[in-house]
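Input: a single structure, listed below in structure tokens.
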Amino acid sequence: MSSSDNVNNTTTATIHWNPEGTPVATDYDDVYFSVDNGLAESRYVFIEQNQLTERWQNHQSPSYVIAETGFGTGLNFLAAWQHYQQFLETNPDTALTRLHFISFEKHPLSLNDLSQALKQWPELKEFSDQLIAFYPQIMTPGCHRIAFRHPVPITLDIWIGDVHHNLPEVPNISGGLVNSWFLDGFAPSKNPDMWTQKLFEGMAVLSAEDASLATFTAAGFVRRGLIEVGFDTQKAKGFGRKRDMLVGRFKQQTAPQSLNSRLYSRNGIRAGEDIAIIGAGIAGVSLAYALVKRGINVSLYEKNSAAALEASGNRQGAVYPLLSPNQPHVSEFFQHAFNYHHQVLAELAQQQLEVEHDYCGLLQLAYNEKSQAKNLNIAQAGYPKNLVYPVDKATASELAGVSLDDEALFYPHAGWVNAKQCVQTILKAAEQSGLLSVHYEHELSEFELENQDCRLHFGSQVKQHNNIVFCQSHHLLNLPQAEQLPITPVRGQVSHIETTPQLSKLSKVLCYEGYLTPANQQQHCIGASYIRNDLSLELKANEAESNLKAIRKCQPQPWNEQLKLANIPGRAATRCAVRDHFPLIGQLPNLEQLFSEQYQRQWQEVNPPSYGGVFVAIGFGSRGICSAPFATELLAAQLCNEPIPLKQSTLNCVHPHRFWNRRLVKNRPLALNYREFKNRSAC
């Protein structure tokens, strides 16, 4: 890899403006849209020539996917969004309720350049204002999902990076994901690296049968390449002074699933089915919100008397991404989770649903040799500066507002969130849909599958649903079908301390062996303990003292000498941890079948054995408030057979089967049999 090939960062576009005010890509010497009338060209080439109105009228599925090469100024996206609004107004009974727009962009525009370019189209202002408001702040490589609500719902996935790298990583579905292609980008003569046979082959793999295609170019090698991979392609009249363009239909069946995608085979719900969710913490509530936005009826069951009474109930939870340059999939997952967390809170704010939070910034202190090496590794990995950058001791102290002994990494968009209020607010937003019913004081004792439905036992009550998702953390281990999942309960105690004149100046979250937040209502949160396999919830004096000792040891400063516990000294809860840091997201493994000799002989040809209609979203550890909204968005997309906003290779890392699949790939035996595995796990 050359020094310029930074997998953790991306380069924004370098542009200038021609005399007509049209943006021009300096590196490609090509305009972003026609100098004559870019919006009219977009509507003619991509909307009319893809026959979107007619295709939408005849579409019988609730979801339709458009994919585009070259996001640029977002003009094609905005034109499609506006056209979708007009379509819904004239076709109120349409089956199409969810439009997805996937776009690949190697060099995204800066927010300032995007805003300037879109000023040329005042007729799109209602839409462009939304794009500008939610445009990703941190342009890391990979997929950035934005779920717009107004003026009509649409989901935008911007895949940042080289299209040849990203296209094979888009999670596919049986029968193909994409219904229409906007084959855009700079002219083939200006950008030959994009217009390749590899691009056309990737498009074919993702295309649904009869997927449409339109492109402004009529270059012969483009037409021949598309025909070779299965597109029936013809010339059509070009826009304005341009003589020809290309249109096409995909007439070849998509390629069979690769092993990479078989691990995460798409087993979505059927039309009209409902979903039961067990657990009203951050995972269960976020999943409920993601599903009701898709029109799914959801029943949420919680064993306690209210939501967020366990691990999701802290006053101030630190929110920042877990970065591990030596584990790129870990970094990718948590970067996108961090970005999506910001999207969710902004979306709630648009609905006048506020969550108490402060993205004040976070300092990750280099307080010993191990943390110094870790920070140096992150600092040298080339992440964007608006994600994280190193600061010396003096700068760290200036940022924090208190004297510090160490240099640090600074995360400018990190901070703290009232976790309990976040859960309650997301729940309120979900309830406003009218599609969610919530049942408190319902503790699940067992479940069974019967005729493709799930029977849930809550004491003497039995409820029946089409599908079930377990989001109740380590409590899932109480069910025999899940008792051997590789998750560990970890007790954590957070302490509440009164502020002092010196400590009240703290303006950033500090992370060290624990964490310390700025004051909120005259109190700080400090934590947290990590005690494996301890399920007790009472406050313990020794853990409170350990929390205080940790900050004094790491930062022996006058401002922490007089710290004392508040009247309500803290709270304790049990997290659900997984050893590789990833949560478990997907179908519940059927371990008895997994350990059968038959499966171990055929594992390369068949999907991993799972319980039909039964899914899990657990194992978030101490990072649930940051990662659970994104993780449950992945699961909601899987359940609805929609585009998933994460690379397939990273998606495989959150699958519940991943531990056993890794052993099989390495030709290692799982165990002699299921009974032996259970006995070993019990030791």
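Position 148, counted from 1, in the sequence shown is what the numbering used here calls 253; the numbers after and before it change by one each time, with no gaps. The beta-carbon is built from N, C-alpha and C at its ideal position, and this holds for glycine as well. Note that the coordinates shown come from a computational prediction; the quantities given were computed from them, not determined experimentally.
Strand pairing of residue i, partner residues [DSSP]
i    : result
T174 : F209, L288
Q469 : L514, C616
H269 : Answer is none; H269 lacks a bridge partner.
K340 : L351
C630 : H601
P694 : S715
F253 : I259
P495 : L514
D558 : E555
R637 : V595
H462 : V522
N625 : Q628
D298 : DSSP, once it has assigned bridges, lists no residue as partnering D298.
T320 : L288, L351
G400 : Per DSSP, none; premise fails for G400.
C248 : W264
Extent of the continuous alpha helix (DSSP H) run through residue i
i    : result
N444 : 433-455
A524 : 524-536
M308 : 302-311
L214 : No alpha helix (DSSP H) holds L214; DSSP gives it neither H nor E.
V129 : Here V129 belongs to no alpha helix (DSSP H); instead the beta strand (DSSP E) covers 128-130.
I332 : 325-333
C238 : The residue asked about is misnamed: residue 238 is Ala in this sequence, not Cys. Per DSSP, A238 belongs to the alpha helix (DSSP H) from 230-239.
N482 : 474-484
T755 : 753-756
8 Å Cβ cutoff met for residue i and residue j
i    : j    : result
A381 : L193 : no
Q660 : S634 : no
L467 : G422 : no
H205 : V170 : yes
F239 : I251 : yes
I690 : I573 : no
Y425 : Y516 : yes
H212 : T131 : no
K295 : Y133 : yes
F305 : W264 : no
I730 : I243 : no
Q154 : M350 : yes
G330 : F355 : no
E314 : G281 : yes
L621 : I636 : no
Q692 : Y716 : yes
L311 : N277 : yes
H255 : L427 : no
T604 : A624 : yes
Q557 : G377 : no
Range covered by the beta strand (DSSP E) that runs through residue i
i    : result
A423 : 422-424
G675 : 670-682
H570 : 566-570
V101 : Past the boundaries of the shown model lies residue 101; the chain is included only from 106 to 788, so the question cannot be answered.
Y406 : 403-406
V390 : That residue, V390, is in no beta strand (DSSP E); its alpha helix (DSSP H) goes 387-397.
A763 : Per the sequence presented here, residue 763 reads as Arg, with Ala not at that position. Unbroken run through R763 is the alpha helix (DSSP H), 763-770; no beta strand (DSSP E).
S542 : 541-544
I120 : 120-122
I656 : Careful: I656 lies outside any beta strand (DSSP E), inside the alpha helix (DSSP H) at 646-659.
A381 : 380-383
Any non-hydrogen atom of the ligand PLP closer than 7 Å to residue i Cβ
i    : result
E274 : Absent from the structure shown: the ligand PLP. Ligands present: none.
Any C-beta of chain C under 8 Å from that of residue i
i    : result
E125 : This model lacks chain C altogether; it includes just one protein chain.
(request) Please go through the region 697-729 and give each complete beta strand (DSSP E) segment of 3 or more residues, from N-terminal end onward. (result) DSSP runs (the beta strand (DSSP E)) wholly in the region 697-729: 715-723.
(request) Kindly confirm or deny that the region 660-670 and the region 578-596 touch, where touching means at least three C-beta pairs closer than 8 Å. (result) no
(message) So within the region 146-207, which uninterrupted beta strand (DSSP E) runs reach at least 3 residues, ignoring any that extend past its ends?
(response) Within the region 146-207, the runs of beta strand (DSSP E) at least 3 residues long that lie entirely inside it are, in chain order, 168-174.
(request) Spell out a yes or no on whether the region 738-750 and the region 391-407 are touching, meaning 3 or more CB-CB pairs, one atom from each, closer than 8 Å. (result) yes
(message) With three or more C-beta pairs closer than 8 Å as the rule, is the region 279-299 touching the region 175-183?
(response) With three or more CB-CB distances shorter than 8 Å, the region 175-183 counts as touching the region 279-299.
(message) Any contact between the region 527-543 and the region 401-418? By contact I mean 3 or more CB pairs, one from each, below 8 Å.
(response) yes
(message) Under 8 Å, with one C-beta from each stretch per pair, do the region 764-771 and the region 724-736 reach the 3-pair mark?
(response) no
(message) Between the region 668-688 and the region 575-584, can you find at least three pairs of beta-carbon atoms closer than 8 Å?
(response) yes
(message) Contact between the region 439-451 and the region 467-477 is defined here as three or more beta-carbon pairs at a separation below 8 Å; is this criterion met?
(response) no
(message) Could you check whether the region 180-187 touches the region 134-152, counting it as contact only if at least three pairs of C-beta atoms, one from each stretch, sit closer than 8 Å?
(response) yes
(message) Between the region 599-612 and the region 497-510, can you find at least three pairs of beta-carbon atoms closer than 8 Å?
(response) yes
(request) Count the C-beta pairs between the region 210-229 and the region 117-125 that are closer than 8 Å, then say yes if the count reaches three, no if not. (result) yes
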